[in-house]
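Engineer:
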Amino acid sequence: MLKNYIVALFIAFVVVSCKDTKQDAAKNTETTEENTFAKENYTKKEVMIEMRDGIKLHTTIYSPKDTSKSYPMLLKRTPYSCRPYGEDKFPSRVGPNKYLMEEGNIMVYQDVRGRWNSEGVYDNMRAFIPNKSGNETDEASDTYDTIEWLINNVENNNGNVGTYGISYPGFYTTYSLLSGHPALKAASPQACIGDFFFDDFIHNGAFLLSYWRITSLFGNMKTEPTKESWYTFADVGTEDQYQFFLDNMPLSKLNTYYDSTNVFLEQIKEHVTYDDFWQSRGIIQHLKDIKPAVMTVGGQFDAEDLYGPYNTYKHIEANSNNYNTVVFGPWSHGDWSRTKDRQVIGNIHFGDGISDYFQKEIETKFFNHFLKGNADGNTGLPEAHMFDTGAKKWFSFESWPPENTSKQNFYLHPNESLTQQVQKGIQTSSDFVSDPKKPVPYSEDIKFVFTPRKYMTDDQRFASRRPDVLTFETEVLEDDMTLAGDILAKLNVSTSGDAADWIVKVVDVFPSDLENTDDVQDHLKLSNYHMMVRSEVLRGRFRNSMTNPEPFAPNAKTAVNLKLQDVFHTFKKGHKIQVQIQSTFFPYIDANPQTYVDNIFEAKEDDFKVQTHKVYHDSSVEFTVLK
Numbered sequence: 017m018l019k020n021y022i023v024a025l026f027i028a029f030v031v032v033s034c035k036d037t038k039q040d041a042a043k044n045t046e047t048t049e050e051n052t053f054a055k056e057n058y059t060k061k062e063v064m065i066e067m068r069d070g071i072k073l074h075t076t077i078y079s080p081k082d083t084s085k086s087y088p089m090l091l092k093r094t095p096y097s098c099r100p101y102g103e104d105k106f107p108s109r110v111g112p113n114k115y116l117m118e119e120g121n122i123m124v125y126q127d128v129r130g131r132w133n134s135e136g137v138y139d140n141m142r143a144f145i146p147n148k149s150g151n152e153t154d155e156a157s158d159t160y161d162t163i164e165w166l167i168n169n170v171e172n173n174n175g176n177v178g179t180y181g182i183s184y185p186g187f188y189t190t191y192s193l194l195s196g197h198p199a200l201k202a203a204s205p206q207a208c209i210g211d212f213f214f215d216d217f218i219h220n221g222a223f224l225l226s227y228w229r230i231t232s233l234f235g236n237m238k239t240e241p242t243k244e245s246w247y248t249f250a251d252v253g254t255e256d257q258y259q260f261f262l263d264n265m266p267l268s269k270l271n272t273y274y275d276s277t278n279v280f281l282e283q284i285k286e287h288v289t290y291d292d293f294w295q296s297r298g299i300i301q302h303l304k305d306i307k308p309a310v311m312t313v314g315g316q317f318d319a320e321d322l323y324g325p326y327n328t329y330k331h332i333e334a335n336s337n338n339y340n341t342v343v344f345g346p347w348s349h350g351d352w353s354r355t356k357d358r359q360v361i362g363n364i365h366f367g368d369g370i371s372d373y374f375q376k377e378i379e380t381k382f383f384n385h386f387l388k389g390n391a392d393g394n395t396g397l398p399e400a401h402m403f404d405t406g407a408k409k410w411f412s413f414e415s416w417p418p419e420n421t422s423k424q425n426f427y428l429h430p431n432e433s434l435t436q437q438v439q440k441g442i443q444t445s446s447d448f449v450s451d452p453k454k455p456v457p458y459s460e461d462i463k464f465v466f467t468p469r470k471y472m473t474d475d476q477r478f479a480s481r482r483p484d485v486l487t488f489e490t491e492v493l494e495d496d497m498t499l500a501g502d503i504l505a506k507l508n509v510s511t512s513g514d515a516a517d518w519i520v521k522v523v524d525v526f527p528s529d530l531e532n533t534d535d536v537q538d539h540l541k542l543s544n545y546h547m548m549v550r551s552e553v554l555r556g557r558f559r560n561s562m563t564n565p566e567p568f569a570p571n572a573k574t575a576v577n578l579k580l581q582d583v584f585h586t587f588k589k590g591h592k593i594q595v596q597i598q599s600t601f602f603p604y605i606d607a608n609p610q611t612y613v614d615n616i617f618e619a620k621e622d623d624f625k626v627q628t629h630k631v632y633h634d635s636s637v638e639f640t641v642l643k
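Throughout, my numbering is defined as the position within the sequence shown, counted from one, plus 16.
(1) For residue 48 and residue 424, I'd like the C-alpha separation in whole angstroms.
(2) Less than 8 angstroms between C-beta atoms, sequence neighbours within five positions excluded: which residues of the same chain meet that for residue 624?
(3) Which runs of the beta strand (DSSP E), 3 residues or longer, sit entirely within the segment 217-249?
(4) Does residue 298 come out as helix, strand or coil in the three-state DSSP assignment?
(5) Assuming contact is defined by CB atoms lying nearer than 8 angstroms, are residue 511 and residue 641 in contact in what I supplied?
(6) List in chain order: all unbroken alpha helix (DSSP H) runs of 4+ residues lying wholly within the segment 410-484.
(7) Since residue 501 and residue 417 should fall inside the 8 angstroms C-beta cutoff, what is the C-beta to C-beta distance between them, to a whole number of angstroms?
(8) Say whether chain C places a C-beta atom closer than 8 angstroms to the C-beta of residue 441.
(9) Output the distance between the C-alpha atoms of residue 61 and residue 179, rounded to the nearest integer angstrom.
(10) Could you check the C-alpha separation between residue 56 and residue 301 for me, to the nearest Å?
(11) When we look at the beta-carbon of residue 462 and count the other beta-carbons within 10 Å, is it buried (16 or more) or exposed?
(12) As a quick exercise: from 639, 587, 472, pick the residue whose alpha carbon is nearest that of residue 604.
(13) Can you check DSSP and say which residues form a bridge with residue 310?
(14) Quick one: Cα of residue 557 to Cα of residue 601, how far?
(15) Please classify residue 571 as buried or exposed, where buried requires at least 16 other C-beta atoms within 10 Å of its C-beta.
(16) Is residue 146 buried or exposed, if buried means 16 or more other CB atoms sit within 10 Å of its CB?
(17) Can you find the residues in the same chain that come closer than 6 angstroms, C-beta to C-beta, to residue 496, ignoring five residues on each side of it along the sequence?
(18) Judging by CA-CA distance, which residue of 141, 211, 93 is the nearest neighbour of residue 77?
(19) Run through DSSP, which three-state label would residue 140 get?
(20) Within its chain, find whatever has a CB closer than 7 angstroms to the CB of residue 287; leave out the 5 residues flanking it on each side and keep chain order.
(21) Using a Cβ distance threshold of 8 angstroms, determine whether the segment 547-557 contacts the segment 369-377, with at least three qualifying pairs required.
(22) With three or more beta-carbon pairs closer than 8 angstroms as the criterion, would you say the segment 226-242 touches the segment 269-281?
(23) Can you tell which of 68, 91, 474, 100 has its C-alpha closest to the C-alpha of residue 548?
(24) Under DSSP, the alpha helix (DSSP H) around residue 117 begins and ends at which residues?
(25) Quick one: grab the DSSP three-state call for residue 352.
(26) Using a threshold of 7 angstroms, is the CB atom of residue 286 nearer than that to any non-hydrogen atom of the ligand GDP?
(27) If you scan the segment 536-563 from start to end, which runs of the beta strand (DSSP E) of 3 or more residues do you find wholly inside it?
(28) Where residue 161 and residue 283 are concerned, what is the direct C-alpha to C-alpha distance, given to the nearest angstrom?
(29) Is it right to say residue 643 is buried, meaning 16 or more other beta carbons lie within 10 angstroms of its own, or is it exposed?
(30) Since residue 156 contacts residue 194 with CB under 8 angstroms, what's their CB separation in whole angstroms?
(31) Can you check whether the CB of residue 400 is closer than 8 angstroms to the CB of residue 342?
(32) According to DSSP, simplified to helix, strand and coil, what is residue 185?
(33) Check this for me: beta carbons of residue 16 and residue 257, under 8 angstroms apart or not?
(34) Do residue 398 and residue 383 come within 8 angstroms of each other at the CB atom, strictly closer than that value?
(35) In terms of DSSP beta bridges, what is residue 500 paired with?
(36) Just list the residues that DSSP pairs residue 80 with in beta bridges.
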C-alpha cells in the first residue's frame with residue numbers, strides 16, 4: 017500500500033508534463049467524447065529513432081486518420097515516459113490541448129536518452145555542446161536527428177515542426193531551439209527549467225529540502241530500455257514533513273534513506289557552489305540568435321519554476337531577433353494544461369475558464385499561425401500577456417516588464433512600518449533570535465509533499481506573529497498600486513554568528529471586512545488574510561558570489577541584496593503591502609546551521625547554533641511599479 021501511495025504522489029508531481037492527475041481527474045470537465053477522441057481519430061505508431069551515435073530513442077507518433085491533407089508535427093521530448101506503451105493503447109488526450117487535438121495535428125512523444133524505453137545513458141540537465149564534432153551528442157543533436165527522421169518518414173506531414181513541454185519537458189523544448197533544424201518553426205517552453213542551481217532543487221545556494229524525496233526520480237540510473245519504473249522513493253513513514261526533517265537534521269542523517277546509487281543527490285551534495293558542473297548545465301546563457309518563434313509560458317504561483325520562464329523569455333528578447341512572447345497566468349506548476357474550470361491556488365480563487373482561455377485563444381493560435389498559417393509574425397497575440405493576480409484580470413503589454421514603470425523604494429522603519437520616507441543616518445535595527453532547531457514553517461499544513469504548491473498564496477499570519485519573523489507594513493492604501501516586474505530587497509544586516517539565510521516575502525494584507533469564498537480552509541478567514549505574493553531565499557554566504565562563498569563577520573553590518581522574481585499584482589485600495597523577513601523557511605528550505613561550514617551536507621549537529629540577527633532601518637525594498 018505504501019509503495020502505491022508513493023507512486024501516486026510521484027504521478028502527481030510529473031503529470032503536469034503528461035496529463036491530468038487522478039485528483040484533478042475527479043474535477044475534470046472533459047467529456048466522455050474527448051476521452052475517446054484520440055483513439056477514434058488517430059492512429060498510433062511506436063518507433064525507435066536512431067541518433068547519430070547509434071543510440072535509439074523510443075518515439076510514439078499519433079497521426080490523424082484523415083489522410084486527405086497534410087499536418088504539422090508537435091513534438092514533446094520527456095524524461096517522464098511516453099506512456100501508455102503499446103500501439104493499441106491511447107491516452108485520453110494527445111498534444112498540448114484538446115483544441116489542437118480535435119482540429120488535427122501529428123502528435124509526437126519521445127523518451128529522451130537514457131530514460132524509460134530509450135537506449136543510452138541519462139545525464140541530468142545534459143550540458144549543451146556549442147561546437148560538436150563527429151558523433152558528439154547533446155539534447156540539441158538528439159532533437160535535430162529526431163526532427164530529421166520525422167519529416168522524412170512520417171506520412172502527411174507538412175514539413176513544419178513545433179515543440180512544447182512543461183517543466184522538464186519545457187527544458188527540452190528550450191533546448192530544441194539550439195538544434196538549428198530548419199523545420200522547427202515554433203516552440204513553447206512552459207514552466208521550463210533554466211538552471212538547476214536556481215530552479216527546483218536549489219535557490220540561490222539554498223537546498224530545497226522538500227524536493228529531497230524525489231531526487232531518486234532523476235538520480236537512479238537504469239541499464240536498459242524499460243516500460244516500468246526502476247526507481248523507488250524513500251519510505252519516510254509519516255505525514256508530518258516538518259517533524260521528519262527536524263528529526264533528520266543535520267542533512268547527513270538522510271544518508272540512511274538514499275545511498276550513492278542516487279547519482280543526482282550525490283551531485284547536489286558534491287557541488288554546493290555554482291561551479292562548472294552547474295554552469296555547464298544551464299541553458300539560459302546559450303539562448304542567442306534564436307530563429308524559431310517562441311512563446312514562453314509560466315505560472316505566477318509556480319513553486320518550482322519561476323526563474324526559468326522569466327529568464328528564458330528575457331534572454332531571448334535581449335539576444336535574438338525572432339518572434340518572442342511571454343504568457344504568465346494565475347497558475348501553479350502546469351495548471352494551464354489542465355481542464356478544470358475554476359482556478360484556485362490554495363485559498364484564493366482567481367477566476368473561471370482561465371486555463372481553457374489560454375489553450376484556445378493563446379496556445380492554439382500561436383502554433384496554428386507558425387505551423388499552419390503564413391508565419392509572418394502577425395499573430396494578433398500580444399508580446400506579453402500577463403494576468404494581474406490582484407486585480408484578477410488579463411492585461412497585454414508590448415514588452416515585459418512594461419516600459420511605463422518606475423523603481424520605487426520602500427524603507428523599513430523602526431516601528432516596523434513600510435514607507436517611502438527616506439531615512440538617513442539611521443543606525444537602529446529590528447532584531448530577532450533565530451533557532452535552527454525551531455525553524456519557521458513555510459506552511460501551517462501538516463502533510464508530506466514532494467513539491468509544495470498552495471503555499472505560494474498561503475495566509476502568512478501564522479508567520480507574522482512569530483518573534484523570529486520581522487514584519488514591516490504600509491498604512492492602508494488609498495489608491496491601487498500595481499507591481500509589474502522584479503523586486504529587489506536591499507538589506508543591511510548583521511548576525512552574531514558567521515552564517516545565515518535571508519528570506520524575504522512580499523504579502524498582500526486583505527481588508528478586515530472581506531467575506532470568505534467556498535475555497536478557504538475551514539480554520540481560516542479572508543478577513544485580514546495575509547496572502548503571499550512572492551518570496552525568495554538567499555543563502556547568505558553567496559551574497560557577493562554564487563561561486564565563491566564567504567562567511568559573515570560576526571556583528572558586522574553587511575549589505576545583502578536579494579532579488580525576487582517578477583510579479584504582476586495590484587495591491588488594491590483598502591489593502592496593505594507587507595514585507596516579512598526571516599532566516600528559516602522549513603522544510604521547504606533546509607535549515608542553515610548558522611555556523612559557517614564549507615558543505616552543509618557535511619555539517620555536524622553541534623554546528624547548529626542559535627544566533628541573533630539584525631535588519632537595519634536603512635534597508636529598503638525596491639518595487640517595479642506600473643505608472
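The beta-carbon is built from N, C-alpha and C at its ideal position, and this holds for glycine as well.
Given the structure is predicted, the values throughout are model-derived calculations rather than measurements.
Structural biologist: Let me spell this out:
(1) Counting from one through the sequence shown, the residue named residue 48 turns up at place 32. Counting from one through the sequence shown, the residue named residue 424 turns up at place 408. Residue placement at residue 48 cannot be trusted, given a pLDDT of 45 that sits under 50; what the coordinates show is reported in the next sentence. Taking the straight line from one Cα to the other gives about 52 angstroms.
(2) Translated into the one-based positions of the sequence shown, residue 624 becomes position 608. Closer than 8 angstroms at Cβ, skipping near neighbours: 265, 266, 452, 453, 607, 609, 610, 611.
(3) none
(4) Against the sequence shown, residue 298 aligns to sequence position 282. It is coil, neither helix nor strand.
(5) In the sequence shown, counting from the first residue as 1, residue 511 sits at position 495. In the sequence shown, counting from the first residue as 1, residue 641 sits at position 625. Remark: C-beta atoms of residue 511 and residue 641 do not approach each other more closely than 8 angstroms.
(6) 477-480
(7) Residue 501 sits at position 485 when you count from the first residue of the sequence shown. Residue 417 sits at position 401 when you count from the first residue of the sequence shown. With 8 angstroms as the limit, residue 501 and residue 417 qualify as a contact, their Cβ atoms being about 4 angstroms apart.
(8) In summary, chain C is missing from the structure at hand, where a single protein chain is found.
(9) Translated into the one-based positions of the sequence shown, residue 61 becomes position 45. Translated into the one-based positions of the sequence shown, residue 179 becomes position 163. Going by the C-alpha atoms only, they are around 19 angstroms apart.
(10) Numbered from 1 along the sequence shown, position 40 holds the residue referred to as residue 56. Numbered from 1 along the sequence shown, position 285 holds the residue referred to as residue 301. So the two alpha carbons sit approximately 44 angstroms from each other.
(11) The residue labelled residue 462 in the question sits at position 446 within the sequence shown. With fewer than 16 other Cβ atoms within 10 Å, it is exposed.
(12) Mapped onto the sequence shown, residue 604 falls at position 588. The candidate whose alpha carbon is nearest that of residue 604 is 472.
(13) Taking the first residue of the sequence shown as 1, we reach residue 310 at position 294. Partner(s): 203, 340.
(14) By 1-based counting over the sequence shown, the position of residue 557 is 541. By 1-based counting over the sequence shown, the position of residue 601 is 585. So the two alpha carbons sit approximately 17 angstroms from each other.
(15) To locate residue 571, count along the sequence shown from 1; it is residue 555. Under this definition residue 571 is an exposed residue.
(16) What you label residue 146 is simply residue 130 of the sequence shown in a count that begins at 1. The residue in question, residue 146, is exposed, as its Cβ has fewer than 16 Cβ neighbours within 10 Å.
(17) On the sequence shown, residue 496 is found 480 positions in, with the first residue counted as 1. Only 586, 588, 589 meet the Cβ criterion.
(18) Position 61 of the sequence shown, counted from the start, is the residue given in the question as residue 77. Ranking the options by Cα distance to residue 77, first place goes to 93.
(19) Here the question's residue 140 lines up with position 124 in the sequence shown. Three-state DSSP puts residue 140 in coil, outside helix and strand.
(20) Position 271 of the sequence shown, counted from the first residue, corresponds to residue 287. The residues are 293, 294.
(21) no
(22) yes
(23) On the sequence shown, residue 548 is found 532 positions in, with the first residue counted as 1. Residue 474 is the option with its Cα nearest to residue 548.
(24) In the sequence shown, the residue the question calls residue 117 occupies position 101. Looking at the DSSP string, the run of the alpha helix (DSSP H) that includes residue 117 is 114-119.
(25) If you number the sequence shown from 1, residue 352 lands on position 336. Of the three classes helix, strand and coil, the one that applies to residue 352 here is helix, per DSSP.
(26) For the structure depicted, the ligand GDP is absent and the ligand set is empty, with no information on it obtainable.
(27) Listed in chain order, the complete beta strand (DSSP E) runs (minimum 3 residues) inside the segment 536-563 are 546-555.
(28) By one-based count along the sequence shown, residue 161 stands at place 145. By one-based count along the sequence shown, residue 283 stands at place 267. Taking the straight line from one Cα to the other gives about 29 angstroms.
(29) The residue given as residue 643 occupies position 627 in the sequence shown. Residue 643 comes out exposed.
(30) Your numbering for residue 156 matches position 140 in the sequence shown. Your numbering for residue 194 matches position 178 in the sequence shown. At roughly 4 angstroms, the Cβ-Cβ gap stays under 8 angstroms, so residue 156 and residue 194 are in contact.
(31) As a first step, residue 342 is located in the sequence shown; it is residue number 326 there, counting from the start. As a first step, residue 400 is located in the sequence shown; it is residue number 384 there, counting from the start. Yes. Within cutoff.
(32) Position 169 of the sequence shown, counting from 1, holds the residue named residue 185. In this structure, DSSP gives residue 185 a helical state, which the three-state scheme calls helix.
(33) The requested residue 16 is not part of the displayed model; the chain covers only 17 to 643.
(34) Stepping through the sequence shown from its first residue, residue 383 is reached at position 367. Stepping through the sequence shown from its first residue, residue 398 is reached at position 382. Not a contact, by the Cβ cut-off of 8 angstroms.
(35) Taking the first residue of the sequence shown as position 1, residue 500 is located at position 484. DSSP output for residue 500 lists 584 as bridge partner(s).
(36) The residue given as residue 80 occupies position 64 in the sequence shown. DSSP, once it has assigned bridges, lists 58 as partnering residue 80.
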